[in-house]
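Chains as they are written, first to last, in this note's numbering: chain A, 1 to 460; chain B, 461 to 806. Quick reminder that beta carbons are idealized off the backbone N, C-alpha and C, glycines included. The block underneath contains the structure these notes are about, expressed in C-alpha cells.
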Amino acid sequence: MSPRAAPSLRRRLMVQLLVLSAVLAVALYVAVRLGAERASEATLDGILGAATTTIAEELRSVEGGAELDLSPGTFSMLAAMGEERIFHRIDIRGLPVTGYDDLPLPPTTPTALEPAFYDATYRDADLRLAAVARSLMIENRAAPVLVIVGQTREGQRAIARDLGNRAAALGLVVFLVAVPLSLFATGTLLRPIGRLAEAVGRRGGHDLRPVRHPAPAELMPLVEQLNAFIARLRQTLAQTETFIAEAAHHIRTPLATLRSEAELALRQAGDEPTRARLRGMIRATEESARSANQLLDHATVLFRADQRAQDRVELGAMVSALADRFRPTADLKEMEITLDLPAAPMETTGDAVLIESALRNLIDNALKYSPAESRILITLREDEGFARLDVNDRGRGLGGETQAALSKRFRRGGNVGGVVGSGLGLTIVSETAAAMGGRFALKDRKDGGTCATLWFPFSS
Amino acid sequence: MRYALVPLLVLIAALLGQPALAFEIEAEHRFGPEGATNELAVLSTTDISFFAPLAEAFLARQPNLALRYVQAGSQDLYRAIDGEGAAFDLVISSAMDLQMKLANDGYARALPADLVAELPVWARWRDRLVSIAQEPVVLLLADAALPDGMAPPRSRRDLIALLRDHPQLFAGRIGTYDPRISGAGYLFLTQDARMSDSIWRLAEVMGRLDARLYCCSGDMIAGLLSGDLLVGYNVLGSYAAANLPEGSGVQAIALEDFTVTLQRTALIPVNAPLPEAGAALLRFLLSDEGQLIQSRATGFAVMRPETFATQPWLRPIRLDPGLLSSLDSMTRRRFLAEWTAALDQP
C-alpha cells in the first residue's frame, strides 16, 4: 500500500501565491481609491475654504447694513472641477440675509476665519460645505456673520472612481501576470525535490552509499536522515552477512569431520542397512556443506559488491583456468568441457573474486544437472559492446520456472531431483552480474538443456 | 349649508381640471392637430413668431403630438419653475443666469447622454442645461443719430463720445433695458460690468441724457422704428435682425471692444410630464435643420464655434455657476443701487 498523499506542495504553493496576488490587487484598488478620494477631498476643501473666506472678507458694512459683491470668478472656480453645483448662505445675527435660507448650518459654530467643513444632504444632493464666521460692525454694534458655501463633489468622486477603476485594472493585470509567474516559481522551487528523488531512485538495489546529491539547505535534513537510515541499514546488512558467514564457517568444519567419520564408518560397516543409512548421512552432510559454502560465497558476493573493487579481469584466461579445475570432476561423469574462446583477450573491470565465483557457480551447475557423457560448451565473444559468456549444457532445463524465480535466494527448480544444492548459486551469479554493471540470462535450449549467459562490460 | 358648498366644489374642480398658472403669461399658442393624443408643453421667453417655424417643422414628423407654447418674461419663467413647479416639458430662456440657477438648484432633469455628448463644453452645463442658440447683444443706431458723414461708433468709447458731443440730439432718445425688471437686461449689464468699467461711464452719460428704460427688446425696436429713439443699447441681436427690414433707417452694431454673446439655453424640468417628447424637441432644435431654421429667423449663425474665431469681439457668456454670483440678493441689490446712482444724476 502506498502512503497516503498529503495535498500537493505545488498546488498549495500555487494557491497561496494566487491568493496573495489577489489580496495585493484588491489592496491596490482600495488604497488608490481611498488615497485618491482623500487627496482630492483635501485639495477641494482647500479651495472651498479659501472661497468661503474670500466671500466673508468681501462683506463690508455700509450705512444701514452689510454690502456684498460676490465675484463670479469665485463661483466659477468652485464649479470648475467637474461642473459642480454651488450653494451659499450668509447669516447676520443668526438671520439669513442672502443665498439659500435653508442651507444646512454647521454642527458647531466655526471660530473666526477658520473654515469649518461638514457634509450634508440638500436638495437631493450630497454637499461638502465650508462655514466661516466673522463679525461686522453694523450700526455701531458688532454683529456675528456666518458665511456658508457648499458644493457637490460629483466630479471628485468620478475622478476617484476612475482612478480606482484604473488601479483595479492594474490589479487584475498583476493577478493575471501572477498566474504564469507563480506556476514558474513553484516549478523552480520544487525542481530540487524532484531531482533528489530521481537521483535516489536511479541507484541500484544494493547501492548503500550515502546520498551525495547536491540539495538545497531546506532539503538537507531529509538527505541527512536518509543517509543515516542508509548507514543503519548497511550496518544491519553487514552484521547479518557476517553472521551468516560466521555461521557457515562454524558449520563447515564440524560437517567435514562428520563426513570423514561417516565415510570411515561406511568402510568398516558390514551389514547393508547400516551402510545405506551411512550413505544417506554422507549425502546429507555433503548437501549441508555445500549450502554452507554457498552461503559463504553469497555473503562474499554481497560484501564485495559493496566494496566495488576495480580489477582488470581477462575473461578468456579465467574461463580456461576454471575449465581446467573442473575437468577432473567432469571426467568422473565422463563429461567433456569444450571452450570456444576468441583469439584476442577480453577484459572487463570489476571484482575478480566475484566474477570467478559467478563463473564457477555456472560451470558447477552445468556439471551437476547434466547427464553423464554429455558435453558442456563454453563460448566467449563480443555482443553489442559487451563481453558475452555462454555456458551451454544438456541438463534438465529450467523446468518451466522463470529466471527471476530461480535467481531468488534458496529457490530451486522443481526438477532438481536428487541433485544436491542450496538454491544460492544463481542468486550469486545474478547479483554479481548486476554489481559489475552486466546482465545475466537463463533460458532453455531448443534441443534440451540450458544456456546460461553473462554479459560484462568491457574495460574502458 | 348644503348649497353653500356647491360654488366651492365647482372652484376646486375647476382648479383640478385646469391648473391655474399664477405667473404672468405674455402669450400662448397651440400648434399641431386638434385630436393629438399628447400635448408637449413648452415654456419660453422667445417670441411665438420666432418659434412658430420651428414648432411646425418639428410637429410635421410627430403625427400624434401637439405643442402648447407659453411665452413669458424670464423672471416669470423662473418663478413658474422654481416657486410654482409648473409642469412643462421644455423650458427655454435667454436669461442664462436664471436658467443656471434652476439647473443648480436641482430643477433640471438629466438629459439623454447622446444629446449632451455632441455639444461642446461651452454650450452645456453638466447634463442638465444646454445651449440651443447663441446671439450677440447689439447696439441699435438710427441713421438720424449720425451727423452727416460721421462713421458709426465702433466701441463704447466712440458711443460715449458721440452721446456727449450731441446732448441736444440724444436727450430723452436713448433706450436700454431696465435691469430691475428685466432678467435679460440685468444679465447683460452685469456681463458688461464684468468685461469693462466703461459701462459705468456710459451709464452716467445715459443718465444725464434722460435715458428711457424698457422691459423688452421688442419695445425698444418699436421705439427706434417709430423715431422716438435714436439709440438702443443692449438689444437682443435676434430681435433686431428679425424686426429691422432693409431701409428701415436703423442699423444693428456689434461693438468691437466687446460684444456680449448670449446663449439661449434649454432644460427639461424634473417634473416634466413628457420628458421624452421634450428631449425630442430639444434634439430637433440642435439638429442641422433646427439650427438652420433658427439662423434663418435671426440672421445669426447659431452654435458654431468658428463664429468666435472670425469675430473675436464676441464674448460668450460662460455657462457655469459663476452666473449665480450676480443673482445673490445682496450682490444684486448693491449692483442695482450702483446702477441707479450712476443713472440718476442729481
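query: Using the beta-carbon count (16 or more within 10 Å), is V319/A buried or exposed?; result: buried
query: Any idea what DSSP makes of Y100/A, helix, strand or coil?; result: coil
query: Whose C-beta lies closer than 8 Å to the C-beta of V730/B among residues of the same chain, with five residues either side of it excluded?; result: G566, Y567, A568 and R569
query: Spell out whether any CB of chain B is found under 8 Å from the CB atom of R85/A.; result: yes
query: Go to Q310/A, then tell me how far its beta strand (DSSP E) extends in each direction, as first and last residue.; result: Looking at the DSSP string, Q310/A is not in any beta strand (DSSP E), and its letter there is neither H nor E.
query: Starting from the C-beta of L226/A, find all residues in its chain whose C-beta is less than 8 Å away, skip the five residues before and the five after it, and write them out in chain order.; result: V200 and V211
query: Taking the straight line between their C-alpha atoms, what separation do you get for R128/A and P613/B?; result: 49 Å
query: Taking only beta-carbon atoms, is N564/B less than 8 Å away from chain A?; result: yes
query: Measure how close the beta-carbons of S698/B and F510/B come, nearest whole angstrom, since I'm counting them as under 8 Å.; result: 7 Å
query: Could you name each continuous beta strand (DSSP E) segment of 3 residues or more that falls completely within the stretch 541-567 of chain B, going from the start of the chain to the end?; result: 550-553
query: Which runs of the alpha helix (DSSP H) fall wholly inside the stretch 251-309 of chain A and span at least 4 residues, in chain order?; result: 272-307
query: I'd like to know whether the C-beta of E139/A is nearer than 8 Å to at least one C-beta of chain B.; result: no
query: Using the rule of at least 16 other Cβ atoms within 10 Å of the residue's Cβ for burial, across every protein chain shown, is N165/A buried or exposed?; result: exposed
query: Any chance the CB of D536/B is under 7 Å from a heavy atom of the ligand MG?; result: In the structure on display, the ligand MG does not appear, and there are no ligands present to speak of.
query: Just to confirm my understanding: we take G533/B, look at its own chain, exclude 5 residues before and 5 after, and list those with CB closer than 8 Å. What are they?; result: E484, E486, T505, S642, G643, C675 and C676
query: Note the first and the last residue of the continuous beta strand (DSSP E) segment covering T348/A.; result: E347 to G350
query: Candidates L622/B, L600/B and R616/B: which alpha carbon is nearest D608/B's?; result: L622/B
query: Can you confirm whether M790/B, when its beta carbon is compared against all beta carbons of chain A, has any partner nearer than 8 Å?; result: yes
query: Rounded to the nearest angstrom, what separates P735/B and L741/B at their Cα positions?; result: 10 Å
query: Cβ closer than 9 Å: which chain A residues qualify as neighbours of L796/B?; result: What L796/B touches in chain A: nothing, since even the nearest Cβ is about 12 Å away.
query: Can you have a look at R85/A and say buried or exposed, based on whether 16 or more other CB atoms are within 10 angstroms of its CB?; result: buried
query: Who are K443/A's beta bridge partners in DSSP?; result: C451/A
query: Does L68/A get closer than 8 Å to chain B when you measure Cβ to Cβ?; result: yes
query: Hey, out of R793/B, L746/B, P772/B and A602/B, whose CA is closest to P705/B's CA?; result: A602/B
query: Is the Cβ of P639/B closer than 8 Å to any Cβ of chain A?; result: no
query: Between which two residues does the alpha helix (DSSP H) containing M790/B stretch?; result: S789 to L803
query: Could you please give the first and the last residue of the uninterrupted alpha helix (DSSP H) stretch that includes A703/B?; result: Residue identity check: residue 703/B is Asn in the sequence provided, not Ala. N703/B -> alpha helix (DSSP H) spans G697 to N703.
query: Near Q559/B, what residues of its chain come up, given a Cβ to Cβ distance below 7 Å and the 5 sequence neighbours on each side ignored?; result: S553, L589, T725 and L727
query: For the stretch 335-409 of chain A, list the alpha helix (DSSP H) runs that are entirely contained and at least 4 residues long, ordered along the chain.; result: 352-369 and 403-406
query: Hey, how far is the Cα of R203/A from the Cα of D351/A?; result: 19 Å
query: Under the three-state reduction of DSSP, which class applies to H88/A: helix, strand or coil?; result: strand
query: Please report the Cβ distance between T53/A and V174/A, rounded to the nearest whole angstrom; I am assuming they are in contact, meaning their Cβ atoms lie under 8 Å.; result: No, T53/A and V174/A are not in contact; Cβ-Cβ is about 44 Å, not under 8 Å.
query: Between the C-alpha atoms of T108/A and R586/B, what's the straight-line distance to the nearest angstrom?; result: 33 Å
query: Express the C-alpha separation of S135/A and A142/A in angstroms, rounding to a whole number.; result: 6 Å
query: Buried or exposed, going by whether 16 or more other CB atoms sit within 10 Å of the CB of K561/B?; result: buried
query: Using a C-beta cutoff of 8 Å, does R123/A count as contacting chain B?; result: yes
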